[in-house]
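Here's the structure, in C-alpha coordinates; my notes come after.
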Amino acid sequence: IIDIQYQYTMMAAGLASGGSMSDFDPGKERLLACKKAGARIYPSNEAFAQALKTEEIACGIMWKARAVQWQNAGINVQTVAPKEGVPMYVSGFVIPKNAPNKEGAYAWLDAMMAPSAQENFAVDMGYNPTVTNAKVADDVQKRIGFTPEEQKRLLDLDYAYVAKNDSAFQDWWNKTFKG
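Following this note's numbering, the residues of the sequence shown are numbered contiguously, the last one being 180.
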(Lines of atoms letter the chains of each structure in order from A; the text may use other names.)
(Lines give C-alpha, C1' and ligand atoms only; values in the text may rest on other atoms or scores of the structure.)
Protein backbone atom coordinates (compact mmCIF):
# COMPACT_ATOMS: atom_id res chain seq x y z
CA ILE A 2 0.00 0.00 0.00
CA ILE A 3 1.35 3.42 -0.93
CA ASP A 4 0.83 6.04 1.77
CA ILE A 5 0.56 9.01 -0.61
CA GLN A 6 -2.00 7.08 -2.69
CA TYR A 7 -4.52 6.95 0.15
CA GLN A 8 -7.37 8.35 -1.98
CA TYR A 9 -7.04 5.75 -4.75
CA THR A 10 -6.47 2.98 -2.20
CA MET A 11 -9.63 3.97 -0.36
CA MET A 12 -11.51 4.16 -3.68
CA ALA A 13 -10.39 0.67 -4.67
CA ALA A 14 -11.20 -0.81 -1.26
CA GLY A 15 -14.57 0.92 -1.31
CA LEU A 16 -15.43 -0.45 -4.76
CA ALA A 17 -14.28 -3.94 -3.78
CA SER A 18 -16.55 -3.75 -0.73
CA GLY A 19 -19.74 -2.61 -2.43
CA GLY A 20 -19.12 1.13 -2.26
CA SER A 21 -19.05 3.60 -5.10
CA MET A 22 -17.07 6.55 -6.39
CA SER A 23 -19.23 8.62 -4.04
CA ASP A 24 -18.91 6.34 -1.00
CA PHE A 25 -15.55 4.89 0.04
CA ASP A 26 -16.66 4.00 3.58
CA PRO A 27 -17.48 0.33 2.87
CA GLY A 28 -13.78 -0.22 2.12
CA LYS A 29 -12.51 0.86 5.52
CA GLU A 30 -13.19 -2.52 7.12
CA ARG A 31 -11.38 -4.25 4.24
CA LEU A 32 -8.35 -1.98 4.64
CA LEU A 33 -8.21 -2.67 8.37
CA ALA A 34 -8.35 -6.41 7.61
CA CYS A 35 -5.44 -5.96 5.18
CA LYS A 36 -3.48 -4.13 7.86
CA LYS A 37 -4.21 -6.87 10.39
CA ALA A 38 -3.07 -9.47 7.84
CA GLY A 39 0.30 -7.71 7.54
CA ALA A 40 -0.09 -5.34 4.61
CA ARG A 41 2.90 -3.05 4.31
CA ILE A 42 2.67 0.69 3.84
CA TYR A 43 5.32 2.40 1.72
CA PRO A 44 5.88 6.16 1.81
CA SER A 45 6.10 6.70 -1.95
CA ASN A 46 5.54 5.20 -5.39
CA GLU A 47 9.30 4.72 -5.68
CA ALA A 48 9.59 2.81 -2.40
CA PHE A 49 6.69 0.60 -3.48
CA ALA A 50 8.40 -0.06 -6.84
CA GLN A 51 11.59 -1.07 -5.06
CA ALA A 52 9.61 -3.51 -2.90
CA LEU A 53 8.10 -5.03 -6.05
CA LYS A 54 11.52 -5.24 -7.69
CA THR A 55 13.07 -7.07 -4.74
CA GLU A 56 9.95 -9.25 -4.42
CA GLU A 57 9.36 -8.04 -0.87
CA ILE A 58 5.75 -7.70 -2.01
CA ALA A 59 3.82 -9.31 -4.85
CA CYS A 60 0.89 -6.99 -5.53
CA GLY A 61 -0.72 -3.68 -4.75
CA ILE A 62 -2.83 -0.83 -6.03
CA MET A 63 -1.37 1.62 -8.55
CA TRP A 64 -2.23 3.39 -11.77
CA LYS A 65 -1.72 1.31 -14.90
CA ALA A 66 0.58 3.91 -16.46
CA ARG A 67 2.92 3.75 -13.47
CA ALA A 68 3.02 -0.05 -13.74
CA VAL A 69 4.03 0.36 -17.40
CA GLN A 70 6.82 2.72 -16.31
CA TRP A 71 7.98 0.08 -13.84
CA GLN A 72 7.88 -2.55 -16.59
CA ASN A 73 10.03 -0.22 -18.71
CA ALA A 74 12.48 -0.07 -15.77
CA GLY A 75 12.73 -3.87 -15.67
CA ILE A 76 10.36 -4.60 -12.80
CA ASN A 77 8.35 -7.78 -13.32
CA VAL A 78 4.83 -6.48 -12.79
CA GLN A 79 1.54 -7.07 -14.58
CA THR A 80 -1.74 -5.17 -14.43
CA VAL A 81 -5.37 -6.15 -14.03
CA ALA A 82 -8.58 -4.17 -14.39
CA PRO A 83 -10.78 -4.96 -11.38
CA LYS A 84 -14.27 -6.25 -12.16
CA GLU A 85 -15.70 -3.75 -9.63
CA GLY A 86 -14.44 -0.81 -11.68
CA VAL A 87 -11.31 1.06 -12.67
CA PRO A 88 -10.99 4.59 -11.26
CA MET A 89 -9.47 6.77 -13.96
CA TYR A 90 -6.45 8.98 -13.52
CA VAL A 91 -6.64 12.16 -15.57
CA SER A 92 -3.84 14.67 -15.98
CA GLY A 93 -4.83 18.21 -16.82
CA PHE A 94 -3.10 21.30 -18.08
CA VAL A 95 -4.23 24.87 -17.50
CA ILE A 96 -3.10 28.37 -18.31
CA PRO A 97 -3.50 30.79 -15.40
CA LYS A 98 -5.33 34.05 -16.10
CA ASN A 99 -2.20 35.98 -15.16
CA ALA A 100 0.23 33.85 -17.18
CA PRO A 101 3.12 36.09 -18.25
CA ASN A 102 3.39 34.46 -21.70
CA LYS A 103 0.01 33.18 -22.83
CA GLU A 104 1.17 32.76 -26.41
CA GLY A 105 4.00 30.52 -25.23
CA ALA A 106 1.63 28.62 -22.96
CA TYR A 107 -0.73 27.91 -25.84
CA ALA A 108 2.21 26.80 -27.99
CA TRP A 109 3.25 24.42 -25.20
CA LEU A 110 -0.30 23.01 -24.92
CA ASP A 111 -0.45 22.56 -28.70
CA ALA A 112 2.89 20.73 -28.59
CA MET A 113 1.63 18.46 -25.79
CA MET A 114 -1.37 17.48 -27.91
CA ALA A 115 0.66 16.80 -31.06
CA PRO A 116 0.40 13.17 -32.18
CA SER A 117 4.17 12.67 -31.82
CA ALA A 118 4.12 13.88 -28.21
CA GLN A 119 1.13 11.67 -27.39
CA GLU A 120 2.86 8.69 -29.03
CA ASN A 121 5.96 9.27 -26.92
CA PHE A 122 3.86 9.66 -23.76
CA ALA A 123 2.42 6.22 -24.55
CA VAL A 124 5.86 4.64 -24.90
CA ASP A 125 7.69 6.46 -22.10
CA MET A 126 4.97 7.05 -19.52
CA GLY A 127 2.30 4.47 -20.31
CA TYR A 128 -0.36 7.13 -20.95
CA ASN A 129 -3.13 6.47 -23.43
CA PRO A 130 -3.25 9.23 -26.06
CA THR A 131 -5.68 12.08 -25.60
CA VAL A 132 -5.90 12.76 -29.33
CA THR A 133 -7.41 10.40 -31.89
CA ASN A 134 -4.69 10.78 -34.55
CA ALA A 135 -1.79 9.39 -32.49
CA LYS A 136 -0.50 6.04 -33.68
CA VAL A 137 0.51 3.63 -30.92
CA ALA A 138 2.23 0.35 -31.76
CA ASP A 139 0.15 -2.75 -31.03
CA ASP A 140 2.62 -4.09 -28.45
CA VAL A 141 2.53 -0.78 -26.56
CA GLN A 142 -1.27 -0.56 -26.83
CA LYS A 143 -1.59 -4.03 -25.28
CA ARG A 144 0.37 -2.81 -22.26
CA ILE A 145 -1.24 0.61 -21.80
CA GLY A 146 -4.73 0.14 -23.17
CA PHE A 147 -7.96 -1.35 -21.98
CA THR A 148 -10.05 -3.95 -23.76
CA PRO A 149 -13.57 -2.91 -24.80
CA GLU A 150 -14.91 -4.85 -21.79
CA GLU A 151 -12.46 -3.10 -19.43
CA GLN A 152 -13.36 0.28 -20.94
CA LYS A 153 -16.95 -0.30 -19.82
CA ARG A 154 -15.63 -0.47 -16.24
CA LEU A 155 -13.69 2.82 -16.33
CA LEU A 156 -15.00 5.15 -13.64
CA ASP A 157 -14.58 8.89 -13.41
CA LEU A 158 -13.85 10.29 -9.99
CA ASP A 159 -16.52 12.11 -8.04
CA TYR A 160 -14.31 15.15 -7.58
CA ALA A 161 -16.84 16.97 -5.40
CA TYR A 162 -17.04 13.97 -3.04
CA VAL A 163 -13.26 13.65 -2.84
CA ALA A 164 -12.76 17.39 -2.27
CA LYS A 165 -15.48 17.57 0.38
CA ASN A 166 -14.20 14.52 2.27
CA ASP A 167 -10.44 14.60 1.76
CA SER A 168 -9.69 15.95 5.24
CA ALA A 169 -11.77 13.17 6.77
CA PHE A 170 -10.06 10.60 4.50
CA GLN A 171 -6.64 11.80 5.63
CA ASP A 172 -7.70 11.82 9.26
CA TRP A 173 -9.01 8.24 9.08
CA TRP A 174 -5.98 7.10 7.07
CA ASN A 175 -3.43 8.60 9.46
CA LYS A 176 -5.13 7.94 12.80
CA THR A 177 -7.08 4.73 12.25
CA PHE A 178 -5.49 2.89 9.35
CA LYS A 179 -1.84 3.79 9.89
CA GLY A 180 -2.14 4.68 13.57
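Positions of the beta carbon are idealized from the N, C-alpha and C atoms, including for glycine.
- Looking at ALA169, ARG31, MET63, GLY39, the one whose alpha-carbon comes closest to that of ASN46 is MET63.
- Less than 7 Å divides the Cβ of ASP157 from the Cβ of MET89.
- Scanning the segment 59 to 113 for uninterrupted beta strand (DSSP E) segments of 3 residues or longer gives nothing; none is fully contained.
- Taking a C-beta distance under 7 Å as the contact criterion, VAL87 and ARG154 qualify as a contact pair.
- Using a C-beta cut-off of 8 Å, the segment 104 to 116 makes no contact with the segment 42 to 60, since fewer than three inter-stretch Cβ pairs fall below that distance.
- Annotation for PHE147: no alpha helix (DSSP H) segment contains it, and DSSP assigns it neither H nor E.
- In this structure ARG41 does not touch ILE3 by the C-beta definition: roughly 10 Å separates them, more than the 8 Å allowed.
- With contacts defined as CB atoms closer than 7 Å, VAL141 and ALA118 fail to qualify as a contacting pair.
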